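Please read the structure below before turning to the comments.
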């Protein structure tokens, strides 16, 4: 959230709200955003229980924390009148994902728990079949980015699940250009 806020790419008329159940993470993100003078806020709670619906739901590294049988409800919860899209980046379920996670977390995490959690998370990554639950957001067109074949597999560790209102799909696909070829419908 802070990275998105600092980029300024969305403009000042967009309210960026980060939501997490972990009070310590919310407090630290709030402190850092204030120190950095960033236009974003952080709250502790459930993103689907806020007083105002989100226009876009965005997450990074969240989906693997849900059991596969809970994913349909997770995606249905985002099919709300005020919501236009969702983008959820998560670990690609590849054979190299645990090793890639170990390498990344070894280089980036100082605490042993953080190092362990990365590998455990990679082992919990959902298959494409499980992620096809995104189609449960019935009012949206949903896509998975296909795994990239010709790049370094250690760098292709995250991939998004995307949901768009049908009236936005054409415009988003045009904006993605050649990259839109990597989108595969979930239905």
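In the working numbering, the protein residues as written are 5 to 191. Where is the CB? At the ideal position from N, CA and C, for every residue including glycine. Quantities reported herein were computed from a predicted structural model and do not represent experimental measurements.
Contacting residues, own chain, Cβ-Cβ under 7 Å from residue i (five flanking each side not counted)
i	result
residue 147	166, 187, 188, 189 and 190
residue 102	123, 126 and 127
residue 138	79, 146, 165, 167 and 190
residue 68	94, 95, 125, 128, 129 and 130
residue 88	59, 60, 169 and 172
Backbone secondary structure at residue i - three-state DSSP
i	result
residue 173	helix
residue 141	coil
residue 83	coil
residue 58	coil
residue 70	coil
residue 16	coil
residue 88	coil
Residue i - partner residues in DSSP beta bridges
i	result
residue 146	167
residue 64	93
residue 162	95
Close beta carbons around residue i, own chain, < 6 Å, minus the five adjacent residues each side
i	result
residue 5	20, 22 and 44
residue 150	186 and 188
Residue range of the unbroken beta strand (DSSP E) whose run includes residue i
i	result
residue 24	20-24
residue 46	44-48
Residue interval of the alpha helix (DSSP H) (run including residue i)
i	result
residue 188	No alpha helix (DSSP H) holds residue 188; the beta strand (DSSP E) holding it covers 187-189.
residue 9	6-11
residue 130	Premise fails: residue 130 is in no alpha helix (DSSP H) and is neither H nor E.
residue 27	27-40
residue 104	101-112
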